[in-house]
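Everything below concerns the one structure shown next.
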Amino acid sequence: MIKANLIWANESNKVETLEDSDCLLILTTPELLASQLFHFSTPAKTYIEQVFDDEGFAGNKGQCVFVQGLKAFRTSYISDTENSGKNKISQPLAEVKRVLFYGVDFALFEASDAPNASSRASTLSKTNDPSMVNRSNYASDSNSAFNSKSTSDLNQNDAPAFRYLEQQFDALFKKLKSVSVALETLSLMALSTTETASSDPVNIIASHSPFLSALLRSYFKHGYHFKGYKTNNRSVSNSQPLNDNNANSVEKNDANNGAINQAIDIRGTLSLALDAKHFTNAQKRLVSHTVRYETALNAAMTWARDLANMPANLCTPNYLAEQAQHLAQTFNTVSCDILNESTLKQLGMNGYLAVNAGSQFAATMPILRYSAKGLENSPPVVLIGKGVTFDSGGITLKRSPDMRHMIYDMAGAGCVLGVIQAVAALGLNINIIGIVASADNAVDGKAYRPGDIITMHSGKTVEVMSTDAEGRMLMADAISYAKQFSPSVIIDVATLTGAAISTLGHKATALFSNAPALESALVEAGELANDRCWPFPLWPEYQDAITSQHADMMNTGINSPGAISAGCFLSRFADGTPWAHLDVAGTAFTYTKSLSATGRPIPLLLSYLSSCAIKNNQ
């Protein structure tokens, strides 16, 4: 897993930072461009100026120019403070042969003050600046490394600054990867030209939370790599909770095919080298807070993606239970109880067990508890993740060409595990209960059938119309069970319906809720995190579609919109508890593509939980 390393740079550690880097990314503006060129040796300065002239580079509005094949930082430049008319050349610095100049757009930040470090989740600014359109403008170097425009123009008239910036960096890192820049060894340096922080325009950007968050999140996204199971390296991806104490741990995966040895995970690093003397203490705290938040988010998303990308013969319900136990062992604020099949049967979780009836693997239901100090008696937020480790569809069998993607049907469970890890790493002031609803929907003589009548944990009866509508059976019992914790809200996360993909594609998560305030809070959290969701209705007219002649309800609707029918079904088990359902079938992975787990909606959930924690602090 790649990570970020914040370095408060001085003359002694700049050399080490640059020498360990494959490429140096320099933030610049038109005003700073000329002065920054003096940081380079004379041959490098001449070459860079020629490239800028050839490409018409102005250093603003997201422009970038990639320069290769120069010895850039042979000497450092110190401005003449005695007005002698000469430049003082000091100690030599490291060689950098690949430099990327990236133009900063100040218009994105003019509408709001710099954010406060204590309110990370509520400070991303919005802008209606019409000049934000068509800003993906790339200049090329003499080696034609950046000789193409971005693939599409961005229409960002109403978008938050964070979303626009993340799209800019997405395009940037794609370009870097296309010219074989190793993202694992990338450095960012904000070269400053003044001695006082208040008058330095670079650190205004470098310390701004949306800018740093967008940079880091895009970098982590494009640097992700699932190691897999090839025998030439005998390594698989790191699929266990991570914190600073076990960053290079080795995991052994015990599955029915035997133990597979994992290699130590070699971590690439983005070095953020910022001159300490140019930042106020408040700016330093904000930068450190942002890096810490994005690092915790990245570790959570990486873990969730690794779990989702694992094959179903290795990532079984029991394996997810082991992962939940390991998470509890990693953080003293997290505890874990595992409900096995016999306990689930005693509890009357018949819908839950029906889904797993045809499997050779036993169903499990890990219950994770994260408790904040001083809030032990406060009502928790309950998160429920669908953890169907493989969904064949059961007797209502799926089409075989698409079935291989059903390893991702546990992505919701992976996200719940990841979110709790991130919350624990950040120490958020909130109580959370996480439920991993884990089963395997397989086919044999014991499998449940269309037409079966099942009495659920709540006592309500369900007529099974499709065994491929298994997720709602699983989640309904988990929602019913969760009410015993007297939660403030229940949020379930599930790759539930193909209809959600048909409706929203892979851009937004489908949101269903019985509580307008919760619905609004999740929509806002998704906007702030650039992990958007879109609300759908649960009107009484839609409930009619799941009416059964033989039971309290059917598990699928007749001539009804599938995602809404599923939401209506789950809403009947939430009753009066504030509840929201996130259908992530289109956002947790990209259908038809292998190894496509995204880690969504962890950014949305962590943004929401962070805002709840801030309210608890007030």
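The numbering of the sequence shown is our numbering, which starts it at 2 and goes up by one.
Note that CB positions come from ideal geometry on N, CA and C, so glycine has one too.
Just so we're clear, the structure is a prediction, and the values are computed from it rather than from any experiment.
Asked	Found
Run of the alpha helix (DSSP H) containing Asp545, from where it starts to where it stops	Per DSSP, Asp545 belongs to no alpha helix (DSSP H) and is neither H nor E.
Bridge-paired residues (DSSP) for Asn6	Ser272
Three CB pairs or more closer than 8 Å across the stretch 342-349 and the stretch 287-299	no
At least three beta-carbon pairs within less than 8 Å, the stretch 363-383 to the stretch 418-431	yes
Nearest-angstrom beta carbon gap, Ala500 and Cys669 [assumed within contact, 8 Å]	Since the first and last residues shown for the chain are 2 and 619, residue 669 lies out of range.
Separation of Gly104 from Ala198, as counted between CA atoms	For Ala198, the predicted model reports a pLDDT of 49, less than 50, meaning its position is unreliable and no value from the coordinates is stated.
Close beta carbons around Ala277, own chain, < 6 Å, minus the five adjacent residues each side	Trp9
In DSSP terms, what Leu376 is bridged to	Partner(s): none; Leu376 has no beta bridge.
Assigned secondary structure, Met1 (DSSP; H/G/I helix, E/B strand, else coil)	What is shown of the chain runs 2 to 619, which leaves residue 1 out entirely.
Boundaries (first-last residue) of the beta strand (DSSP E) holding Glu56	First-last for Glu56: 43-56, but that is the alpha helix (DSSP H), not the beta strand (DSSP E).
Cut-off 7 Å between Cβ atoms - residues of its own chain near Asp23, not counting five sequence neighbours on either side	Arg99, Val182, Ala183, Thr186, Leu187
As assigned by DSSP and simplified to three states, the class of Gln330	helix
Local Cβ density within 10 Å of Ile559, reported as buried at 16 or more and exposed below that	exposed
Beta-carbon gap between Val437 and Met350 smaller than 9 Å	no
Limits of the alpha helix (DSSP H) - the one that Cys534 falls within	Looking at the DSSP string, Cys534 is not in any alpha helix (DSSP H); the run it does join, the beta strand (DSSP E), is 534-536.
Residue from Leu308, Lys175, Asn357 with nearest C-alpha to Glu323	Leu308
Check whether Ile455 and Ala355 have beta carbons under 9 Å apart	yes
As assigned by DSSP and simplified to three states, the class of Ser137	Annotation note: pLDDT 26 at Ser137 (below 50); position unreliable, no value reported.
Buried or exposed by the 16-neighbour rule on C-beta atoms within 10 Å, applied to Ala264	Residue confidence for Ala264 is low, a pLDDT of 27 falling below 50, so the modelled location carries little weight; the figure read from the coordinates is stated next. Answer is exposed; the Cβ neighbour count stays below 16.
Residues that Ser439 bridges to, as DSSP identifies them	Thr365, Gly388
Top-ranked residue by Cα proximity to Thr557, from Leu519, Ser393, Ser467	Ser467
DSSP bridge partner residues for Ser514 (one or two, in chain order)	Ala581
Stretch pair the stretch 531-549 + the stretch 569-583: three plus CB contacts closer than 8 Å	yes
Closest residue to Val444 among Phe53, Gly229, Asp392 (Cα-Cα distance)	Asp392
Beta-carbon separation (whole angstroms), Cys416 vs Ala305, contact threshold 8 Å	5 Å
Spatial neighbours of Gly600 in its chain, beta-carbon cut-off 6 Å, leaving aside the 5 residues before and after	Met302, Ala305, Arg306
Which residues DSSP lists as bridging Ile615, in chain order	Bridge partners of Ile615: none, in fact.
Straight-line Cα distance separating Met476 from Leu315	23 Å
CA nearest to the CA of Val424, picked from Leu275, Arg293, Gln619	Arg293
Rounded straight-line distance, which links the Cα of Val68 to that of Asp142	Confidence is the limiting factor: at Asp142 the pLDDT is only 31, short of 50, which leaves the residue's position unreliable, though a coordinate-based value still follows. Going from the Cα of Asp142 to the Cα of Val68 covers about 6 Å.
Rounded straight-line distance, which links the Cα of Val66 to that of Cys613	42 Å
Sub-9 Å separation of Leu38 and Leu189 beta-carbons	no
Best match in Ala511, Ala59, Leu166, Val389 for proximity to Gly563 [C-alpha to C-alpha]	Ala511
Supposed contact pair Ala412 and Ala598 - C-beta distance, whole angstroms, cut 8 Å	6 Å
Same chain only: Cβ atoms within 6 Å of Thr591, ignoring 5 sequence neighbours per side	His507, Ser597
Nearest to Asn531 (by Cα), restricted to the options Val490, Asp545, Leu606, Pro451	Leu606
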